[in-house]
Structure formats: C-alpha cells, structure tokens
Amino acid sequence: MLRPGTPLTGEPQLAAIVRLLTMNCALVVQEMNALRGQVGGDVNVEMDAAPGVDLSRILNEMRDQYEKMAEKNRKDAEDWFFSKVGVFFCEVATNSELVQSGKSEISELRRTVQNLEIELQSQLSMKASLENSLEETKGRYCMQLAQIQDLIGNVEEQLAQLRCEMEQQNQEDKILLDGTTRLDQEIATYRRLLEGEDAHLSSSQFSSASVPSSPVTSTSRQIRTKVMDVHDGKVVSTHEQVLRTKN
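Residue 1 is where the sequence shown starts when you use UniProt numbering, and the numbers rise one by one after that.
Now the structure itself:
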C-alpha cells in the first residue's frame, strides 16, 4: 500500500493511488455504517433507560463529526493525490525530455559511426588499391631492371669482344708495320748495294740484276674497322670495314 510521500515513477503507481482512494472511501463508509448501527442500538437501550436524552441531536452531532472527518480525509487524500500526480507529470516530462535527448544523441552517434565506417571502408579500399599499384610498379621495375642488366651484360660482352679484336688488330698492324719497316730497310740496303756496284758493268747487266728486286718494293697495309649499330641502348647489328693502303 502506498503512503503519503512515496514518489511516483509510472502509470502502475497512479492506478495504485486510485485503488487506495477507493479503498479509503469504502472503509470510511463502512465505519460510518457501523457507527450508525451502534448508535441506533444504543438509542433503543437509552430510550428505555433514560427517555429524557435528546438522541436525535446526539446522532446529528456524530453524523456531522464523521462527515467532517470523511470530508477532511477525502480532501487530504485528494490534495495528496494531485500533488503526487503533479510530481508524476513533472517527472514524466523530465524523463521524456531525457529520453528524447538520449534518442537524439543515439541517432547522432549512429550517424557518426556510419560515417566512420564508410570512411574506414574508403581508406581500406584506397590502401588495397595503393598496395596493388605498388606491387605492379615493383614487378614492372624488376622486369625493366632485369632487361637493363641483360643489356649491360650483352654490351659488356660485346665491348670485351671488341677490345680483344682491337688488340688483335693492333698486333696485326704492329706486325705489318714491322714488316714494312724491315722491307724499307731492305730496299734501302739493296739500293745502296746497287749504287755501290762497279762502274764497268753494263746497263743491261745492271737492269737484269735489278729485275728480281722489283717485286719486294710493293707493300700494302690492311686496316679493319668494326662498326656497331646501336638502337635504344641495344646493339642491332655489327659489320667490318676493311681498308687497304699501298706504300
């Protein structure tokens, strides 16, 4: 049972207050009926014992007292009821505002969470795209690096071969130069010998003696040049050019 001063927290307590008032009214009515019955019995007895007492006045006074008590109880219960109802509605209004504010905050938080989830998905997609692009770039540059390394290896091999050929050509040129020098020296020696012969030899004999030496006076020099066609850093073709010179 509720007592005055008990805070209201909802509709169930409001219904309990109504039931309490109904019960109180019923109890007051029962008490008044019981008192009336007792007074009525006493009247019969008192009328026999003391017929001079004004029972009607006494009953009217008692009735007035109980009616005043009932009215006072009713008014007190009504005041208490309306005060609690006012507090209840204030609490309901306050709680409604809090609930509405909480709903608004929850809605705002949900929107924030959704926006953050969308942003997270966008960042994850961008991260995956950048990782794929990075892997593709790595693969492409690794392939290009391998091609460049192969090209460098081929060029180094060709340069080594060309260096060997140039050294060989230099050796051949040196041999030819040495041979030319020796031939020049021999020719000079033959000329000195021819010029130092006796004056009594005839011109025919001089000419016949000088015929065998004529073939050795003709010398030649061979120069080899290797030409390499390079396109985009790659050797496309190679060919040799031979130049012959006569001394």
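Cβ atoms here follow ideal geometry from the backbone N, Cα and C, with glycine treated the same way.
Treat the numbers as computed from the prediction; the structure is a model and nothing was measured.
Ranked by Cα distance from residue 73, the first of 186, 27, 190, 175 is 27. A distance below 6 angstroms between beta-carbons, with the five flanking residues on each side excluded, links residue 99 to no residue of its chain.
Counting only runs of 3+ residues, no beta strand (DSSP E) is found wholly inside the region 73–132.
One alpha carbon belongs to residue 174, the other to residue 185, and they sit about 16 angstroms apart.
Judged by DSSP in its simplified three-state form, residue 153 adopts helix. Burial of residue 84 is indicated by the presence of at least 16 other C-beta atoms within 10 angstroms of its C-beta. In the displayed model, residue 139 falls within a helix according to three-state DSSP. Put simply, the backbone Cα of residue 116 is about 30 angstroms away from that of residue 136.
A direct Cα-Cα distance of roughly 26 angstroms separates residue 109 from residue 127. Taken through DSSP and simplified to helix, strand or coil, residue 179 comes out as helix. Looking at the backbone, the Cα of residue 97 and that of residue 105 are separated by about 12 angstroms. Cα atoms of residue 103 and residue 63: separation of roughly 57 angstroms, rounded to the nearest angstrom.
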